[in-house]
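J.: Those protein sequence lines, which keep their order, are chains A and B.
This note's numbering numbers the first residue of the first sequence as 1 and each following residue consecutively.
This note's numbering numbers the first residue of the second sequence as 1001 and each following residue consecutively.
This structure is in structure tokens; I'll ask about it shortly.
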Amino acid sequence: DARVTQTPRHKVTEMGQEVTMRCQPILGHNTVFWYRQTMMQGLELLAYFRNRAPLDDSGMPKDRFSAEMPDATLATLKIQPSEPRDSAVYFCASGPRGAGTDTQYFGPGTRLTVL
Amino acid sequence: AQKVTQAQTEISVVEKEDVTLDCVYETRDTTYYLFWYKQPPSGELVFLIRRNSFDEQNEISGRYSWNFQKSTSSFNFTITASQVVDSAVYFCALSGLSQGGKLIFGQGTELSVKP
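Below, the structure is given as structure tokens:
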């Protein structure tokens, strides 16, 4: 049963620290998405990649967030420096065909708490 | 603009009741896709259904059914004979062809099924 995996599942850190979240998309999927879920904003897209190339990161605060896909099996989302308002659940999702409107399959999420 | 509205924030039913979750969407795309996801208390997002804008046939899967009506821009979800395990937050989402695959989520409906 192929699944998207994310690490860590939980992260507690102090303001100003660097945070790196990792995602392994489903093997063979070539679209990867990062979403953030908060009570106030709901689910919002931060960035997405197709065939490892960044297509859209307009939802991401550029001064502190960065997203990369160093290879087809790994996507990373980094926050530096972290702030309390970054506390949220971060989801990674992958899609099979890169057609953009594919079904997206979500990982279990990383729950980030910034103190 | 693309938008998804789930007007029901919370619904509470007793087991075995039928329940319908409403979803209304806005889009300028003629080709678009509609989705429902389930988020149980454990937090993961589980894909339930994907529907394209050219297919208005209703879908049934076990106790779940979906009613897509383009005339009213609605994609409602009905659970028949609800069970306690159906308790979750349900999200309706839209992906328009012009948006390159971004999922626009509604705010979610929290369903509580009591024994």
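By construction, the Cβ of each residue, glycine as well, lies at the ideal position given by its N, Cα and C atoms.
To the nearest angstrom, report how far apart R64(A) and Q24(A) are at their CA atoms.
T.: When the Cα atoms are used, R64(A) and Q24(A) turn out to be separated by approximately 22 angstroms.
J.: Just grab the DSSP bridge partners of S1087(B) for me.
T.: According to DSSP, S1087(B) bridges with nothing at all.
J.: Report yes if the C-beta distance between F1105(B) and G42(A) is below 8 angstroms; otherwise report no.
T.: yes
J.: Kindly indicate the opening and closing residues of the beta strand (DSSP E) around G127(A).
T.: Residue 127(A) is absent from the model: chain A starts at 1 and stops at 115.
J.: What is the DSSP secondary structure of D1116(B), counted as helix, strand or coil?
T.: Residue coverage of chain B in this structure runs from 1001 to 1115, which leaves residue 1116(B) outside it and unanswerable.
J.: When you check each C-beta in the stretch 1047-1060 of chain B against every C-beta of chain A, which residues fall closer than 7 angstroms?
T.: F1047, R1050
J.: Identify, in the order they occur along the chain, each residue of the same chain with its Cβ nearer than 7 angstroms to the Cβ of T7(A), setting aside the five sequence neighbours on each side.
T.: R22
J.: Distance, Cα to Cα, T76(A) vs A1001(B)?
T.: 30 angstroms
J.: Could you name the residues of the same chain whose beta carbon sits closer than 8 angstroms to that of S1053(B), not counting the 5 residues immediately before and after it, in chain order?
T.: D1029, T1030, T1031, Y1032, Y1033, L1034, K1070
J.: Taking all protein chains shown into account, do 16 or more other C-beta atoms lie within 10 angstroms of the C-beta of Q104(A), making it buried, or fewer, making it exposed?
T.: buried
J.: E1044(B) touches chain A at which residues, Cβ-Cβ below 8 angstroms?
T.: F106, G107, P108, G109
J.: Does any residue of chain A have a CB that is nearer than 8 angstroms to the CB of G1062(B)?
T.: no
J.: Taking S1082(B) as the reference, which of V1024(B), Y1090(B), D1018(B) has the closest Cα?
T.: The alpha carbon of S1082(B) has as its nearest neighbour, out of V1024(B), Y1090(B), D1018(B), the alpha carbon of D1018(B).
J.: To be precise: take each residue of the stretch 1092-1112 of chain B, compare its Cβ to all Cβ atoms of chain A, and keep it if any distance is under 9 angstroms. Which residues remain?
T.: Look at the stretch 1092-1112 of chain B: the residues with a C-beta under 9 angstroms from a C-beta of chain A are A1093, S1095, G1096, L1097, Q1099, G1100, G1101, K1102, L1103, I1104, F1105, G1106, Q1107, G1108.
J.: Using a beta-carbon distance below 8 angstroms, is D86(A) in contact with chain B?
T.: no
J.: Along the stretch 23-37 of chain A, what residues have a CB closer than 7 angstroms to any CB found in chain B?
T.: T31
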